[in-house]
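**Student:** In this note's numbering, the protein residues as written are 216 to 760.
Every residue, glycine too, gets a C-beta built ideally from N, C-alpha and C.
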């Protein structure tokens, strides 16, 4: 235990250095939060030798502060879907009913996230965006505490697992981009912890304690069913393999039956997700059809992080975490695999299924792998502690420090990283979009500007997905923007003064769109946003020089 505390102390100090280094990558507004976070880390490191739990609490408090600050500091919401989520929450707050988010497909039924945020908004007397502040708070605190508790159940200190979970870049990224799957992460983590406690304490044979713990598990199962479609798909295979590894443990088998029934109910009856999964992925695989990804012609654009080095840098956060966790899982499973203890087999199965699902998501057709990594963050962090535990003290410090540094500086960890497109609108872009929205009925622009709402209002769209989430009257330019044929686009065009665009990652154009549109007329300009019509105008030629 003492050795782990010393390693964690140095890890906290290295986290301080890593957090400070990120300030050189991002805009000036992050300096205040970075300094505050670093001071809290120093306090955490000071208290570590006295009270590890208090140290972890201070650490999480600092991380919550920085994520809440980032969440509130951007003029628009961060990412592609959270603004629509906020509109849905706004509608619930105003109406007091989930009927306000009808026609929302899956989340019309599985509305836990919207309801929780709506209740928070009503209690705090805030709108949809401010109500979603629960996301950075819950995703920072709950998974980290659950990872610590699970590790301690297997005789590890849990400090390293908690710290790595809290700083995981995927978890950090989605904490400031509120989506329903975000709520699934703490619920899944708590369910795993509760299941392990249930098994180890042998509640299955106890009277009143058994009833209370069983009730808690049933509540968590209901929460999983009505929160997100991937949660049961993540949990169910874990219990299947845990049952096989434990040679048919009866208690784990009971879990398998319940989870299978709930997954079937959720995927095929409450929603159509299961049928869509079958038609899009499984059926083509069975009949030997090839997957079509609809790749866009990028002949006039270059990736910001291209080539082998760019790919490594983009994916380094989960590659390093997965590698260390893989080493830890190998050691743990080799030492414990022959035991029939169901809780041990459950942990082994959790690590294995997490790795398999991440691999499937990374190499699968059109699957957003960062969302699968989000669910795998807790088991990866636990097995990372198992992996570094076998190293010499200096090795533990170096590996944990590097893991944290990589997580904090990953491109997905910030809404304005130089390695990817800016994931929010500036105040000027918001104002310009509102102005243009009032003077023309249809325009074409880059995909992010077309989809991002310039205001959170109950009258705006609350439906996510490519076919629903465009602001009315706004259409993505698509391929012509990236193959140099933007001049062939009909109708009005809106251009922003940006050099990084979202499309198959982040792209930089090899030409100036304004030059290609020099024969058209600028009818509105806010400085960095221009509305261009097809009529000729001398102002356009001057701008293109």
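1. Please list, in chain order, all residues of the same chain as residue 430 whose beta carbon is under 7 Å from its beta carbon, the five residues on each side excluded.
2. Around the C-beta of residue 719, are 16 or more other C-beta atoms found within 10 angstroms, so that it is buried, or is it exposed?
3. Thinking just about the alpha-carbon of each residue, which of 411, 438, 284 is nearest to the one in residue 457?
4. From residue 335 to residue 345, what distance separates their C-alpha atoms?
5. Given 8 Å as the limit, is there contact between the segment 382-402 and the segment 353-363, that is, 3 or more CB pairs closer than that?
6. For residue 693 versus residue 652, is the C-beta distance shorter than 8 Å?
7. Looking only at C-alpha atoms, which of 732, 562, 588, 446 sits nearest to residue 601?
8. What are the uninterrupted segments assigned as alpha helix (DSSP H) that are 4 or more residues long and contained completely in the segment 322-358, given in chain order?
9. Taking the CB atoms as reference points, tell me whether residue 710 and residue 729 lie closer together than 8 Å.
10. Would you give the residue range spanned by the beta strand (DSSP E) that residue 711 belongs to?
11. Grab the span of the alpha helix (DSSP H) containing residue 560 for me, first residue to last.
12. For residue 742, count neighbouring Cβ atoms within 10 angstroms of its own Cβ and tell me buried if that reaches 16, exposed if not.
13. To the nearest angstrom, report how far apart residue 342 and residue 662 are at their CA atoms.
14. Roughly how many angstroms lie between the CA atoms of residue 461 and residue 365, to the nearest whole one?
15. So, is residue 434 buried or exposed, given that buried needs 16 or more other C-beta atoms within 10 angstroms?
16. Give me the Cβ distance between residue 626 and residue 635, rounded to the nearest whole Å; I'm assuming they're in contact under 8 Å.
17. Can you list, in chain order, the residues of its chain whose CB lies under 7 Å from that of residue 744, leaving out five sequence neighbours each side?
18. State the Cα-Cα distance for the pair residue 579 and residue 739, rounded to the nearest angstrom.
19. Report back the beta-carbon spacing between residue 436 and residue 473 to the nearest angstrom; my notes put them in contact at under 8 Å.
20. By the 10 Å Cβ neighbour count, where 16 or more other Cβ atoms means buried, how is residue 573 classified, buried or exposed?
21. What's the gap between the Cα of residue 609 and the Cα of residue 622?
22. Pick from 360, 369, 297: whose alpha carbon is nearest that of residue 550?
23. Residues in its own chain within less than 8 Å of residue 443 by CB, not counting five upstream and five downstream?
24. In angstroms with no decimal places, state the Cα-to-Cα distance between residue 525 and residue 313.
25. Contact check, residue 598 vs residue 540 under 8 Å by CB: the rounded distance?
26. Around the Cβ of residue 705, are there at least 16 other Cβ atoms within 10 angstroms (buried) or fewer (exposed)?
27. What is the DSSP secondary structure of residue 372, reduced to helix, strand or coil?
28. Is the segment 513-533 in contact with the segment 563-570, if contact means three or more CB pairs nearer than 8 Å?
29. Measuring alpha carbon to alpha carbon, tell me which residue in 375, 289, 275 is nearest residue 641.
30. Which one of 671, 677, 301, 733 has the shortest CA to CA distance from residue 319?
31. Starting from residue 611 and walking both ways along the beta strand (DSSP E), at which residues does that stretch end?
32. In the DSSP assignment, what residue or residues form a beta bridge with residue 740?
33. Within 10 Å of its beta-carbon, does residue 505 have 16 or more other beta-carbons around it, so buried, or fewer, so exposed?
34. Which whole runs of the beta strand (DSSP E) in the segment 658-704 are 3 residues long or more, in chain order?
35. Tell me the DSSP secondary structure of residue 722 in three-state form.
**Tutor:** To lay it out plainly:
1. Hits under 7 Å: none found.
2. Taking a 10 Å sphere around the C-beta of residue 719, we find fewer than 16 other C-beta atoms and assign the residue as exposed.
3. Proximity to residue 457 across 411, 438, 284 peaks at 411, based on C-alpha coordinates.
4. Whole-angstrom Cα-Cα distance: 9 Å.
5. Yes, the segment 382-402 touches the segment 353-363.
6. For the pair residue 693 and residue 652, the CB atoms are not nearer than the 8 Å cut-off.
7. Comparing Cα-Cα distances from residue 601 to each of 732, 562, 588, 446, the minimum goes to 562.
8. Segments of the alpha helix (DSSP H) lying fully in the segment 322-358: 327-339, 343-346.
9. In contact: residue 710 and residue 729 (Cβ atoms closer than 8 Å).
10. Start and end: 707-711.
11. Residue 560 -> alpha helix (DSSP H) spans 557-578.
12. Its Cβ having fewer than 16 others within 10 Å, residue 742 is exposed.
13. One alpha carbon belongs to residue 342, the other to residue 662, and they sit about 26 Å apart.
14. Distance between the alpha carbons of residue 461 and residue 365: 19 Å.
15. Burial is judged here by how many other beta carbons sit within 10 angstroms of a residue's own beta carbon; residue 434 has fewer than 16 and is exposed.
16. A Cβ-Cβ separation of about 5 Å places residue 626 in contact with residue 635 under the 8 Å criterion.
17. Around residue 744: 643, 644, 647, 709, 711.
18. Residue 739 has its alpha-carbon roughly 43 Å from the corresponding atom of residue 579.
19. Between residue 473 and residue 436 the Cβ distance is about 7 Å, and since that is below 8 Å, they are a contact.
20. Counting Cβ neighbours within 10 Å, residue 573 comes out buried, since at least 16 surround it.
21. The alpha-carbon atoms of residue 609 and residue 622 are separated by roughly 20 Å.
22. Considering only alpha carbons, the answer is 369.
23. Answer for residue 443: 325, 328, 395, 396, 398, 399, listed in chain order.
24. Between residue 525 and residue 313, the C-alpha separation is close to 43 Å.
25. Correct: roughly 4 Å between the Cβ atoms.
26. Residue 705 is exposed by the Cβ-count criterion.
27. In this structure, residue 372 counts as coil in the three-state DSSP scheme.
28. No, the segment 513-533 does not touch the segment 563-570.
29. It is 289 whose Cα lies nearest to the Cα of residue 641.
30. Ranking the options by Cα distance to residue 319, first place goes to 677.
31. Per DSSP, residue 611 belongs to no beta strand (DSSP E); it is in the alpha helix (DSSP H), 608-623.
32. Beta-bridge pairing links residue 740 to 745.
33. Because the pLDDT of residue 505 is 46, which lies under 50, any placement of that residue in the model is unreliable, and the number read from its coordinates should be weighed accordingly. Label assigned to residue 505: exposed.
34. Listed in chain order, they are 658-660, 689-691.
35. When secondary structure is reduced to three states using DSSP, residue 722 falls in the strand class.
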